[in-house]
Amino acid sequence: MTMTAAVPGCPVDESFDPLSPEFLADPHAAFTEPDRFDLHRPDADRHLAFGQGLHYCLGANLGKLEAQIAIAELARRYPDLALVPDQEFTFHANISFRGPQVLLVRVN
Ligand code: HEM
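Residue numbers for the sequence shown follow the working numbering, beginning at 281 and rising by one.
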């Protein structure tokens with residue numbers, strides 16, 4: 281995905297792609313290996329999923345509780361749930377809500 285962007289006082293190349301591997305490999309990124317799913321990151325609480333500051337998500341605790349219940353129930357119902365290997369992921373062209381368009385899993 282590429283986009284044309286205009287940031288006052290900050291020239292941005294027209295080919296700027298915030299989801300490109302080069303951008304995600306930014307040495308100044310907040311997390312080491314940011315594209316690796318790691319449930320045990322010691323600094324995971326520094327994420328920005330619920331925003332930050334004045335407009336921090338009012339439903340963050342409810343969202344976390346819902347996720348906790350949903351993921352626990354999913355694991356209870358499908359204890360052998362696993363990704364189908366060798367999938368090619370495509371993503372919605374939206375940097376606010378990033379997620380694969382299709383995610384194939386095995387339940388047995
Ligand atoms: C996993 C679920 C959720 C995620 C990832 C999420 C994410 C966010 C983010 C990133 C913001 C900040 C937006 C900004 O800075 O402009 C936000 C704001 C907000 N969220 Fe959530 N949210 C979730 C669930 C909820 C739920 C369940 C509620 C209400 C029941 C809720 C209510 C709000 C409200 C009212 C704001 C605006 C806060 C303000 O502007 O002061 N969110 N959310």
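For glycine and all other residues, C-beta sits at the position ideal for the given N, C-alpha and C.
Predicted, not measured: the structure shown is a model, and the values here were computed from it.
- Counting along the chain, Gly339 sits inside no alpha helix (DSSP H), nor does DSSP assign it H or E at all.
- If you check the CB distance, Phe311 and Asp297 do not come in under 8 angstroms.
- Taking every residue with its beta carbon within less than 5 angstroms of a heavy atom belonging to the ligand HEM gives, in chain order, Ala329, Phe330, Gly331, His335, Cys337, Leu338, Gly339, Leu342 and Gly343.
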